[in-house]
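**Student:** Sharing a structure below in structure tokens format, with a few things to ask.
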Amino acid sequence: MKSYFVTSSGTDVGKTFVTAILARQLRKQSFRVELLKPVITGFSVGDRNCDSAILLESLDQNAEADHIVAISPWRYNEPISPDMAAQREGRPIDFDELVRFSKTNPLSGDTSPDFHFVEGIGGVMVPLTEKKTVLDWIHELGYPAILVVGSYLGSLNHTLISAMALERRGVEIAAVIVSESTLQPVPLADTVGTLKRFLPASHVLPLPRLTGGLDAWQEAPDLVTPLFLEAPEAAAAGAS
Ligand SMILES: Nc1ncnc2c1ncn2[C@@H]1O[C@H](COP(=O)(O)OP(=O)(O)OP(=O)(O)O)[C@@H](O)[C@H]1O
Ligand SMILES: [Mg+2]
């Protein structure tokens with residue numbers, strides 16, 4: 000089983016979107032996939048558009064309450080940072096329990112999946128508790144990161160700061176996926192080109208804006224082959 004942590008340079012950039020596309024593309028190639036969204040804020044019961052429901056849909060699993068609870072044990076109503084939501088709602092996050100849960104496969108039962116993805120929350124440095132951040136969570140798990148970023152003005156700075164934070168803690172950045180923003184100052188390929196120059200050790204892949212949203216997932220470029228299926232030497236050559 001290969002495990003990855005999907006994180007970002009900020010909130011609302013495309014983590015759920017990218018995770019759902021990866022799950023669809025892997026499943027199309029007959030790989031078994033498990034997706035977790037352990038901590039979710041801004042959550043309300045019955046919301047079919049919440050991250051947990053979108054991830055379940057990409058697995059063709061129904062988004063009934065029991066499935067949502069299974070992949071998202073820490074659910075908070077307020078759309079604010081998790082440490083604040085947890086404090087205000089009187090249910091603090093037990094960091095060790097969060098790490099333990101993030102290694103489980105609640106949807107897969109006895110069959111181990113081929114790929115296991117954990118979607119974080121917000122960006123790399125978002126606080127989870129009084130002292131711990133998302134970065135501590137990734138580091139403790141030891142999973143390589145998939146860093147989802149945008150192509151909006153300012154994204155290069157946000158991306159390189161996030162990458163620096165991950166690298167400083169020794170977290171491998173398996174991929175940087177640039178999910179095209181609605182407003183961007185230059186073509187997507189230019190942002191990708193700059194990031195490749197500054198992050199030569201990572202795959203940097205573009206994901207164009209899909210006007211049909213996730214319903215149009217079949218229109219997305221193949222992310223799975225370069226990220227997971229090509230030999231490292233071939234992948235490096237392709238990335239240059
Ligand atoms: N490449 C894309 N094409 C079309 N829509 C996209 C793309 N990337 C992101 N979006 C849309 O942008 C919005 C934000 O994306 P998403 O919810 O995946 O972000 P996120 O990083 O998971 O946010 P959060 O921090 O709330 O978890 C969503 O409406 C999503 O459908
Ligand atoms: Mg999300």
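Note that numbering that gives the first Met the number 0 has the sequence shown beginning at 0, numbered continuously upward.
No residue lacks a Cβ here, since even glycine has one placed at the ideal position from N, Cα and C.
#1: What do you reckon, is the C-beta of D50 under 7 Å from a heavy atom of ligand 2?
#2: For V147 and G41, which I take to be in contact (beta-carbon distance under 8 Å), what is that distance rounded to the nearest angstrom?
#3: Would you give the residue range spanned by the alpha helix (DSSP H) that S154 belongs to?
#4: Pick from V32, I145, D11: whose alpha carbon is nearest that of L165?
#5: Are the CB atoms of L194 and V185 nearer to each other than 8 Å?
#6: Spatial neighbours of R208 within its chain, please: CB distance less than 6 Å, with the 5 preceding and 5 following residues excluded, ordered by chain position.
#7: Going along the chain, which residues of its own chain have a beta-carbon closer than 6 Å to the beta-carbon of V177, five neighbours each way excluded?
#8: Can you tell me whether L54 is buried or exposed? The criterion is at least 16 other CB atoms within 10 Å of its CB, across all chains shown.
#9: Using only CA atoms, which one of S154, L182, L140, E77 lies nearest to E171?
#10: In its own chain, which residues sit with a C-beta less than 7 Å from the C-beta of D50, not counting the 5 before and 5 after it?
#11: I'd like the span of the beta strand (DSSP E) that includes I92, first residue to last.
#12: Return yes when the Cβ of L97 is within less than 8 Å of the Cβ of I70, no when it is not.
#13: If you drop the 5 nearest sequence neighbours on each side, which residues of the same chain put their C-beta closer than 6 Å to that of W136?
#14: To the nearest angstrom, report how far apart Q24 and V223 are at their CA atoms.
#15: Does the Cβ of T6 lie closer than 7 Å to at least one heavy atom of ligand 2?
#16: I need the DSSP call for K1, collapsed to helix, strand or coil.
#17: If we count the other Cβ atoms within 10 Å of its Cβ and call it buried at 16 or more, is A22 buried or exposed?
#18: Going by other Cβ atoms of all chains shown within 10 Å of its Cβ, with 16 needed for buried, is A235 buried or exposed?
#19: Quick one: what's T132 bridged to in DSSP?
#20: Output the boundary residues of the beta strand (DSSP E) element that contains F114.
#21: My guess is that A62 and A52 are in contact by the Cβ rule of under 8 Å, so how many angstroms apart are they, rounded?
#22: Please list, in chain order, all residues of the same chain as E33 whose beta carbon is under 6 Å from its beta carbon, the five residues on each side excluded.
#23: Would you check if the distance between the CB atom of S8 and the CB atom of S154 is smaller than 8 Å?
#24: Would DSSP call S178 helix, strand or coil?
#25: Just the Cα atoms here: how many angstroms apart are E129 and R31?
**Tutor:** According to the structure shown:
#1: Yes, ligand 2 has a heavy atom inside 7 Å of this Cβ.
#2: About 18 Å; that fails the 8 Å criterion.
#3: Counting along the chain, the alpha helix (DSSP H) containing S154 begins and ends at 154 to 167.
#4: Selection V32, I145, D11 evaluated against L165 yields I145 as nearest (Cα-Cα).
#5: No, Cβ-Cβ distance for L194 and V185 is not below 8 Å.
#6: E179.
#7: Residues of the same chain with a CB within less than 6 Å of the CB of V177, apart from the 5 flanking positions on each side, are V148, S150, T190, V191, P205 in chain order.
#8: With at least 16 other beta carbons inside 10 angstroms of its own, L54 counts as buried.
#9: That would be L140, whose Cα lies nearest to the Cα of E171.
#10: The beta carbon of D50 sits closer than 7 Å to the beta carbons of T15, K36, I39, E118 from its chain, once the five residues preceding and following it are set aside; these are given in chain order.
#11: According to the DSSP assignment, I92 belongs to no beta strand (DSSP E), since it is labelled neither H nor E.
#12: The answer is no: Cβ separation not under 8 Å.
#13: Taken in chain order, the list of residues that qualify is empty.
#14: Cα to Cα, Q24 sits roughly 7 Å from V223.
#15: Not under cutoff, so the answer is no.
#16: Look at K1 here: in three-state DSSP terms it is strand.
#17: With a 10 Å radius around the Cβ and a threshold of 16 neighbouring Cβ atoms, A22 comes out buried.
#18: Caution is warranted here: a pLDDT of 49 is assigned to A235, below 50, making its placement in the model unreliable, and no coordinate value can be reported.
#19: Per DSSP, the beta-bridge partners of T132 are P126.
#20: That run of the beta strand (DSSP E) goes 114 to 118.
#21: The Cβ separation is near 4 Å, so the contact holds.
#22: Closer than 6 Å at the Cβ level, and outside the excluded window around E33, lie N104, L106, S107, P112, H115.
#23: Yes, they are a contact pair.
#24: S178: strand per DSSP, three-state reduction.
#25: Approximately 36 Å, taken between the alpha carbons.
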